[in-house]
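Participant:
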Amino acid sequence: MATLILKPKYEFNVPVEVERVITDNIAGLSLEEVLKIRVYEGNRRRTLGELFEVSGEIASKPSDQEIIFQASSCRIRRIGEEMSAGKIIVEGDVGPLA
């Protein structure tokens, strides 16, 4: 199983919506493409790479992908929303709708 690790670059002051960061959307992409996935920090559009340090491997199929959020922020929301395969691990606190 390929593992992708996401760690916040700083403590978020507003909610960060990560519903697009799921195995279904990541599998088969390059790391460069993953860094460009759109997320919201409050009402502002950002890229995943602007908010998170991203490292690890990317699988070709969602069922072979694991995502680890090394979260220290209870403001990260919507983790794993509508994910159909693979695995997400959260190390630390996250917000509602996770």
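Using this note's numbering, the final residue of the sequence shown is 198, and nothing's skipped along the way.
Every residue gets a Cβ at the ideal spot worked out from N, C-alpha and C, and that includes glycine.
With DSSP run on the structure shown, which of helix, strand or coil describes Gly-156?
Facilitator: Three-state result, Gly-156: strand.
Participant: Return helix, strand or coil for Val-139, following the three-state DSSP convention.
Facilitator: The answer is strand: DSSP assigns Val-139 an E or B state.
Participant: What number of angstroms, rounded off, separates the C-alpha of Phe-112 from the C-alpha of Glu-119?
Facilitator: The alpha-carbon atoms of Phe-112 and Glu-119 are separated by roughly 16 Å.
Participant: Taking the alpha helix (DSSP H) that Leu-148 belongs to, which residues open and close that run?
Facilitator: That run of the alpha helix (DSSP H) goes 148-151.
Participant: Go to Ile-126, then tell me how far its alpha helix (DSSP H) extends in each direction, as first and last residue.
Facilitator: 123-126 is the span of the alpha helix (DSSP H), which, as asked, contains Ile-126.
Participant: Measuring only the C-alpha atoms, how far is Arg-138 from Ser-163?
Facilitator: Spanning the two alpha carbons is a distance of roughly 22 Å.
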